[in-house]
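J.:
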Amino acid sequence: MRGWWQELTDLVLPADCAGCGRPGGTLCDRCGGVLRRSGPRRVEPSPVPPGLPVVHAAAEYADEVRAVLLAHKERGVLRLAGPLGEALAGAVRTVCSRAGRPLPGRPVRARPARGPEGPLLLVPVPSARRAVGARGHDPARRIALAAAGALRAEGCAVRVPSVLRQRRRIRDQSGLGARQRRMNVSGALGVVPGGGRLLSTGPAVLVDDLMTTGASLAEAARAVSAADGLVVGAAVLAAPPDCTNRN
């Protein structure tokens, strides 16, 4: 109910920019440009959790980008899903390019890498049910769907299978260190019944809005791999400044 009401409110009420607070729209041109300014970059937390796939982030988690992500995630400014999805799509393109896997549906010159050759699978890292209930939406899944829409508009074959679920309750990650986060999520994710069949249809890119320690992405990669899915990388909207940027 909260999600439906929030979407209606977004359409009716005037909005200030979620990034800088200036009037004139949900996201001004300047703040939208910040999301796309540097282009996707490879990022690594320190320490790197075991099993973490190669991660590319669309932007740095600071200032306007941080405000925009929090507005979408915590305040339910759902109209931000479109521009956030476009930024995430850029990170997905980079993941596939660096992994030697041209996006399905696009003409290619090089022979694709071995493995499943079906549609690209954007697999969201799931939020806890209680968090989804409190927020009224699942931020990672919403932006994954928006990213898939942007990629399909270019002729790419993309699906967003919600195949991961939490198998047990985990603590709120806020305030936990890297080692505590790894212990908190270790073994916490699993694939839903029938999810393995979906994962066998194409290569998978894990997606999330934010990477901090990388613990959740590493656990998601473990769960997908345990179900015989092929993880070719991970794409996130943002990573903190202290995550190493690598080209």
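If you read the sequence shown in the numbering used here, its first letter stands for residue 71, the second for the next number, and so on.
For each residue, glycine too, the CB sits at the ideal point set by N, CA and C.
#1: Can you give me the Cβ contacts of A291 inside the same chain, cut-off strictly under 8 Å, excluding the 5 residues immediately before and after it?
#2: Roughly how many angstroms lie between the CA atoms of P209 and V118, to the nearest whole one?
#3: Distance check for E130 and R107, CA to CA, integer angstroms please.
#4: Let me know if A217 comes out buried or exposed under the rule of 16 or more other beta-carbons within 10 Å of its beta-carbon.
#5: Return yes when the Cβ of P153 is within less than 8 Å of the Cβ of A127, no when it is not.
#6: How big is the Cα-Cα spacing for A180 and A169?
#7: Would you please state the rounded distance, in angstroms, between the beta carbons of A227 and P189? I believe it to be under 8 Å.
#8: Could you tell me which residues DSSP pairs with A309 in its beta bridges?
#9: Throw me the rounded Cβ distance for the L139 and A308 pair, which I believe falls under 8 Å.
#10: In three-state DSSP terms, what is P93?
#11: Between C90 and the rest of its own chain, which residues show a CB-CB distance below 8 Å, the 5 nearest in sequence each way excluded?
#12: Grab me the residues of A141's own chain with a C-beta within less than 7 Å of its C-beta, minus the 5 sequence neighbours each way, in chain order.
#13: Classify V275 as helix, strand or coil using the three-state DSSP reduction.
#14: Taking the DSSP output, what are the residues bridged to G303?
#15: Since I believe V113 is in contact with N315 (beta carbons under 8 Å), could you give me their beta-carbon distance rounded to a whole number of angstroms?
#16: Identify whether D99 lies in helix, strand or coil by the three-state DSSP scheme.
#17: Could you give the distance in angstroms between the alpha-carbon of G225 and the alpha-carbon of A157?
#18: For D278, count neighbouring Cβ atoms within 10 angstroms of its own Cβ and tell me buried if that reaches 16, exposed if not.
#19: Apply the 10 Å Cβ neighbour rule to R199 and answer buried if 16 or more other Cβ atoms are within range, or exposed otherwise.
T.: Taking the definition as stated:
#1: G121, L122, P123, L276, V301 and A304
#2: 25 Å
#3: 10 Å
#4: buried
#5: no
#6: Unreliable placement is indicated for A180, whose pLDDT of 37 sits below 50; no coordinate value is reported for it.
#7: 4 Å
#8: E130
#9: 6 Å
#10: strand
#11: C98, R100, C101, E134 and A137
#12: A88, V147 and L150
#13: strand
#14: V275
#15: 6 Å
#16: helix
#17: 17 Å
#18: buried
#19: exposed
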